[in-house]
Amino acid sequence: MFVEQAKSGAELIAAERKRQIEQEGWKPEDDDKKHPAGQLARAAENYVRFAAEPDIARDYQRKNGHTPGGWPWHWSWWKPSEGNLATDRIRDLVKAGALIAAEIDRLQRGEAKK
């Protein structure tokens, strides 16, 4: 019997970034135009913080529809995972990692244009 090995964190993040581009339509040129002031990094920070919250805080925030302070976009774009299992926390961290990757790419493109 063949057992598929779990993907590494870097592989999960790369796959999520690809999904964001291909399925959500968040193209690099959109990041350059629409998110020039660190919004991607701030969004990533919110997902990291949410992943680190204790279960009770995660439950409270989801139950009450709280969007974190510093969330850079409309509340409808805040999409944390729905549970408190390790897989839920990993999903939030993967989203954060993909947003960080997008911000790094945006900054590098900006430097290349100088």
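One rule links them: number in my numbering = place in the sequence shown (from 1) + 3. Glycine included, each C-beta is placed from N, C-alpha and C at the ideal position.
Cβ neighbour criterion (16 or more within 10 Å) applied to residue i
{"i": "H77", "result": "exposed"}
{"i": "E106", "result": "buried"}
{"i": "K117", "result": "exposed"}
{"i": "P83", "result": "buried"}
{"i": "K10", "result": "exposed"}
{"i": "A18", "result": "exposed"}
{"i": "D33", "result": "exposed"}
Straight-line Cα distance separating residue j from residue i
{"i": "H69", "j": "R61", "result": "10 Å"}
{"i": "A104", "j": "W29", "result": "13 Å"}
{"i": "N87", "j": "E25", "result": "28 Å"}
{"i": "R22", "j": "K36", "result": "20 Å"}
{"i": "E85", "j": "R45", "result": "21 Å"}
{"i": "Y63", "j": "A54", "result": "14 Å"}
{"i": "R94", "j": "E114", "result": "30 Å"}
{"i": "R112", "j": "P39", "result": "11 Å"}
{"i": "N67", "j": "L96", "result": "22 Å"}
{"i": "I59", "j": "D91", "result": "14 Å"}
{"i": "K98", "j": "A47", "result": "7 Å"}
{"i": "P31", "j": "G100", "result": "15 Å"}
The alpha helix (DSSP H) enclosing residue i, as first and last residue numbers
{"i": "E106", "result": "A89 to A115"}
{"i": "Q64", "result": "D58 to K66"}
{"i": "P31", "result": "P31 to K37"}
{"i": "A40", "result": "Element bounds for A40: n/a, residue is neither H nor E."}
{"i": "K21", "result": "G12 to E25"}
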